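For reference, the structure is listed below as structure tokens.
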Amino acid sequence: MSGLVQVVVYPPSPSGGRRVRADGEILGLARSARDVAELGRRAGMTGVTGVTEANVGEAGAVEWRGGGAEVARARGSPGGRRGPFPSAVR
């Protein structure tokens, strides 16, 4: 993939993590802000549109569904309360 890539981060799954897609292709399961940034990098998000662990919550090229970078777990999921991705910047 090259050029402008739209990354979509789906709501947290009950088992943990969030599915990540770019241009209709499933990239993987993110369990941290670092994972989202790495999956975006692999999808071709470099340079100006680049997503880093530090800006993943604010990057305009990332569409967050079911909550932003501050939401890592689904409500009522095993593993405790709904909380932020590790290293997520708010």
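All residue numbers for the sequence shown refer to the working numbering, where the first residue is 1291 and numbers rise by one.
All C-beta atoms in this analysis are idealised placements derived from N, C-alpha and C, irrespective of residue type, glycine included.
Owing to the predicted nature of the structure, the values given are computational and were not obtained by experimental measurement.
### Message
Please report the distance separating the alpha-carbon of residue 1313 from that of residue 1325.
### Response
Locating residue 1313 in the sequence shown gives position 23, where the first residue counts as 1. Locating residue 1325 in the sequence shown gives position 35, where the first residue counts as 1. In a straight line, the C-alpha of residue 1313 is about 18 Å away from that of residue 1325.
### Task
With a 10 Å radius around its C-beta and 16 neighbouring C-beta atoms as the bar for buried, classify residue 1350 as buried or exposed.
Residue numbering aside, residue 1350 sits at position 60 when the sequence shown is read from its first letter. Exposed, since its Cβ has fewer than 16 Cβ neighbours within 10 Å.
### Task
Return the first residue and the last residue of the alpha helix (DSSP H) that residue 1328 is part of.
Against the sequence shown, residue 1328 aligns to sequence position 38. Start and end: 1323–1332.
### Query
Taking the alpha-carbon positions, what's the residue 1329 to residue 1355 distance?
Mapped onto the sequence shown, residue 1329 falls at position 39. Mapped onto the sequence shown, residue 1355 falls at position 65. Distance between the alpha carbons of residue 1329 and residue 1355: 16 Å.
### Task
Going by DSSP, name the residue or residues bridged to residue 1353.
Taking the sequence shown and counting its residues from 1, one reaches residue 1353 at position 63. 1298, per the DSSP bridge assignment.
### Query
What is the rounded straight-line gap between the Cα of residue 1303 and the Cα of residue 1357?
Within the sequence shown, numbered from 1, the residue matching residue 1303 stands at position 13. Within the sequence shown, numbered from 1, the residue matching residue 1357 stands at position 67. Rounded to whole angstroms, residue 1303 to residue 1357 spans 12 Å at the Cα level.
### Message
Starting from residue 1310, trace the beta strand (DSSP E) in both directions and tell me its first and last residue.
### Response
Within the sequence shown, residue 1310 is the residue found at index 20, counting from 1. Note, residue 1310: beta strand (DSSP E), 1308–1312.
### Message
Short of 6 Å in beta carbon distance, which residues of its chain neighbour residue 1308, apart from the five on each side in sequence? Order them along the chain.
### Response
Stepping through the sequence shown from its first residue, residue 1308 is reached at position 18. 1299, 1300, 1302, 1320.
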